[in-house]
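All remarks here apply to the structure that follows.
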Amino acid sequence: MTTEVILPALPRVAVCGISLEASTFSPALTTAAMLAPLRGREVLDAWDFWRAGGSLADRAEWVGILQARSIAGGAIPAEDYAQLKGEILAGLVATIEERPLDGLVLDIHGAASVVGMDDMEGDLAVAVRAVVGPDCLISSGMDLHGNVSRTLAETVDLLTTYRTAPHVDWHETKERAARNLVDRLALPAGRRRPAKAWVPVPILLPGEMTSTRQEPATSLYARVPGIEALDGILDAGIWIGYPWADEPRNHAVVMAVGDDADLALAEATGLARELWERREEFGFVAPTGSLEEVLAAAVASPVAPYFVSDSGDNPTAGGAGDVTWTLAELLASQELLASGKRAIYASIPDHAGALAAAEAGVGADVRLTLGARVDARPAPPVEVSGRVVAVVPGEDNLEVVVRTPAVDVVVTRRRRPYHLESDFTRLGLDPRRADVVVVKIGYLEPELFDMAADWMLALTPGGVDQHLARLGHERIRRPMFPLDDVSGVDPVAGAVLFPGDTASSA
Ligand SMILES: [Zn+2]
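Residues in the sequence shown are numbered from 30 upward in steps of one, following the numbering used here.
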């Protein structure tokens with residue numbers, strides 16, 4: 030019997046990863062179940078560009094392995110990580126037994142942590158590389174709040190990241206990571222792997238000081254597409270990094286990748302120097318103050334709605350979400366009560382409290398003890414007495430609004446973000462007509478930003494405290510701006526060039 034050997038027309042590309050932003054300063058943990066892993070076809074269905082009919086669907090044979098993702102939280106327990114990693118590796122082994130892989134999309138955020146381990150993404154990348162072999166091209170589209178360790182930079186062939194914060198370009202970044210990969214796979218073997226310039230920069234700042242809505246981030250990030258457009262450069266990025274973990278990799282990184290190795294190094298170090306030279310310009314995206322100062326300003330404000338960011342426990346940055354500090358102060362505010370103004374508080378997660386309020390039902394008067402089940406360090410559970418005015422069950426959550434004399438308190442079964450106007454209106458709340466809206470958030474997401482007549486960021490305590498010096502990092506590299514004296518520091522002294530298939534410049 031003769032068998033005609035037909036070479037596959039399309040490159041074969043696996044998709045897998047673990048995507049999380051984890052505060053190691055929060056007592057919360059993120060379990061494998063909370064990471065809600067998608068498997069096989071589900072992994073591909075999560076993004077339109079490689080689904081049937083998508084822009085990249087016909088560029089490769091896409092193979093979904095396992096993709097785990099959660100909103101930000103605490104670190105992953107070691108055994109949960111081992112389970113997810115083991116399943117990813119076993120899935121890759123089984124896939125390769127059918128036919129080798131040409132490429133792999135490693136879908137990571139860059140700021141996950143595992144209890145007792147540094148550099149989860151580097152560990153996962155190295156483990157994946159050991160299975161797929163040296164010739165498989167690996168690509169990652171990351172969050173600019175993620176970290177790029179030297180290990181990760183060395184192991185992943187194509188790295189790119191968001192260029193906006195808030196991340197309005199999240200979709201195009203994930204697509205770019207996949208497109209760069211299939212574009213390189215279209216080249217002959219031996220010419221696919223670009224050189225990578227990796228420049229660690231000793232800067233560690235919260236996202237609320239580095240939003241691309243304001244300088245210097247606006248113009249620094251605006252430089253990236255121009256570098257990408259240069260002949261011999263494929264991609265470039267600034268990872269501003271994640272400040273709420275205490276690992277040696279937590280700092281900013283600038284990278285450029287391309288076939289022209291010398292140019293990639295020159296552009297990455299040049300941009301890193303600009304970032305360094307402008308470091309003192311970074312400031313908070315909104316006026317900041319202690320909670321007392323911010324509440325006083327909110328109550329006295331002649332314009333409404335006045336937004337207050339309860340930033341230290343922001344769940345989308347990694348806060349536990351159930352810190353009660355701000356809610357307790359708000360409920361106790363005699364100034365707010367005397368002003369006759371009304372506030373919305375979003376939100377306090379409390380499983381039992383939400384269920385009890387829902388069971389009491391709309392119209393019932395309740396007295397609940399809420400929050401501080403996970404993070405009780407700043408303040409104990411808070412008492413909320415009021416009338417249940419809304420009960421909204423969801424697919425995986427339950428939201429209740431309890432109306433107190435001056436505050437509508439949103440109580441949830443599980444923590445969740447409040448970033449959209451509809452997050453409020455579907456609970457019967459109208460944030461546009463409220464006087465004060467307090468949200469567990471850092472910088473305001475676009476819809477809230479547009480709605481806010483005024484805004485202050487309260488420097489409240491929690492796992493993502495914006496006052497970095499209060500956290501007490503012990504394991505990051507030193508000296509580090511702005512925590513240390515950095516006079517005399519050469520910001521690009523750690524630059525490394527990883528050669529690609531074309532070792533010398535074009
Ligand atoms: Zn981010």
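We treat Cβ as the ideally placed atom computed from N, Cα and C, and that holds for glycine.
Spatially closest choice to residue i from the options, by CA coordinates
| i | options | result |
| --- | --- | --- |
| Leu477 | Ala375, Pro410, Ala43, Asp379 | Ala375 |
| Trp296 | Pro277, Pro254, Asn279, Arg455 | Rather than Trp, the amino acid found at residue 296 in this sequence is Glu. It is Pro254. |
| Trp91 | Pro475, Leu187, Trp76, Ala101 | Trp76 |
| Glu474 | Arg278, Arg98, Ser451 | Ser451 |
| Leu85 | Leu214, Ala65, Gln96, Ala285 | Leu214 |
| Thr193 | Gly93, Asp275, Arg242 | Arg242 |
| Gly491 | Arg461, Leu113, Ala349 | Ala349 |
| Glu432 | Arg371, Phe54, Ser330 | In the sequence as displayed, the identity of residue 432 is Arg instead of Glu. Among Arg371, Phe54, Ser330, the Cα nearest to that of Arg432 is on Arg371. |
| Arg278 | Trp268, Ala401, Val314, Ala111 | Trp268 |
| Arg68 | Gly261, His502, Ile117 | Ile117 |
| Tyr250 | Thr60, Met485, Ala265 | Ala265 |
| Leu130 | Asp148, Ala111, Val143, Val161 | Val161 |
| Pro378 | Arg402, Asp74, Ser142, Leu458 | Arg402 |
| Gly151 | Glu244, Ile47, Val438, Met238 | Ile47 |
| Leu366 | Val465, Ala246, Ala81, Leu292 | Val465 |
| Pro275 | Trp79, Gly145, Arg461 | The residue asked about is misnamed: residue 275 is Asp in this sequence, not Pro. Comparing Cα positions, the closest option is Gly145. |
| Arg445 | Val143, Leu324, Ser178, Ala101 | Ala101 |
| Ser178 | Val413, Gly120, Ala140, Val493 | Ala140 |
| Arg98 | Ala156, Glu71, Ala81 | Glu71 |
| Tyr191 | Ala182, Thr180, Glu204 | Glu204 |
| Val493 | Gly236, Arg252, Asp342 | Asp342 |
| Trp484 | Leu187, Glu322, Pro66 | Glu322 |
| Thr28 | Glu310, His280, Ala206 | Any answer about residue 28 is impossible in this case: the structure gives the chain only from 30 up to 535. |
| Gly93 | Glu237, Asp136, Gly115 | Asp136 |
| Leu197 | Ala156, Ser240, Thr441 | The sequence shown places Val at residue 197, not Leu. Cα-wise, what sits closest to Val197 is Ser240. |
| Val436 | Met480, Arg442, Ser368 | Ser368 |
| Pro272 | Thr53, Pro508, Glu424, Asp514 | Thr53 |
| Ala6 | Asp164, Leu304, Val143 | Here the chain has residues from 30 to 535 only, and residue 6 is not among them. |
Residue burial classification, residue i (beta-carbon count within 10 angstroms, cutoff 16)
| i | result |
| --- | --- |
| Val211 | buried |
| Arg504 | exposed |
| Gln495 | buried |
| Arg499 | exposed |
| Trp2 | Limits of the chain in this structure are 30 at one end and 535 at the other, which puts residue 2 out of reach. |
| Thr202 | buried |
| Thr317 | buried |
| Gln96 | buried |
| His380 | exposed |
| Asp519 | exposed |
| Arg396 | exposed |
| Leu49 | buried |
| Thr353 | buried |
| Leu39 | exposed |
| Arg88 | buried |
| Ala535 | Residue confidence for Ala535 is low, a pLDDT of 43 falling below 50, so the modelled location carries little weight and cannot support an answer. |
| Asp339 | buried |
| Arg41 | buried |
| Gly382 | buried |
| Glu306 | exposed |
| Pro235 | buried |
| Ala218 | exposed |
| Glu428 | buried |
| Gly270 | buried |
| Ala487 | buried |
| Met30 | A caution first: Met30 carries a pLDDT of 49, below 50, which makes its placement in the model too unreliable to give a value. |
| Arg222 | buried |
| Gly457 | exposed |
Name all residues in chain order for which at least one heavy atom of ligand 1 lies closer than 5 Å to the residue's CB. Those residues, listed in chain order, are Asp172, His174.
Inspect the CB distances between the segment 458-473 and the segment 285-301 and report whether three or more fall short of 8 Å. no
Would you say the segment 114-128 touches the segment 173-191, given that touching needs at least three Cβ pairs under 8 Å? no
3-residue-minimum beta strand (DSSP E) runs that sit fully inside the segment 169-201, ordered along the chain: 187-190
May I ask you to verify whether the segment 103-113 touches the segment 229-249, counting CB pairs closer than 8 Å and requiring at least 3? no
For the segment 362-395, which segments carrying the beta strand (DSSP E) assignment without a break, of at least 3 residues, lie completely within its bounds, in sequence order? 372-378
Spell out a yes or no on whether the segment 214-226 and the segment 524-531 are touching, meaning 3 or more CB-CB pairs, one atom from each, closer than 8 Å. yes
Would you be able to state if there are at least three C-beta pairs under 8 Å between the segment 387-398 and the segment 414-428? yes
Inside the segment 271-342 only - alpha helix (DSSP H) runs reaching at least 4 residues: 290-306, 320-329
If we require 3 or more residues per run, which beta strand (DSSP E) segments fall completely within the segment 40-105? Runs of the beta strand (DSSP E) lying entirely within the segment 40-105 and spanning at least 3 residues, in chain order: 41-48, 90-98.
In chain order, which alpha helix (DSSP H) runs of at least 4 residues are fully inside the segment 454-485? 475-480
Would you call the segment 345-362 and the segment 280-292 touching, i.e. three or more CB-CB distances under 8 Å? no
Whole beta strand (DSSP E) runs in the segment 223-258 with 3 or more residues, listed along the chain? For the segment 223-258, whole beta strand (DSSP E) runs of length 3 or above, ordered along the chain, are 224-230.
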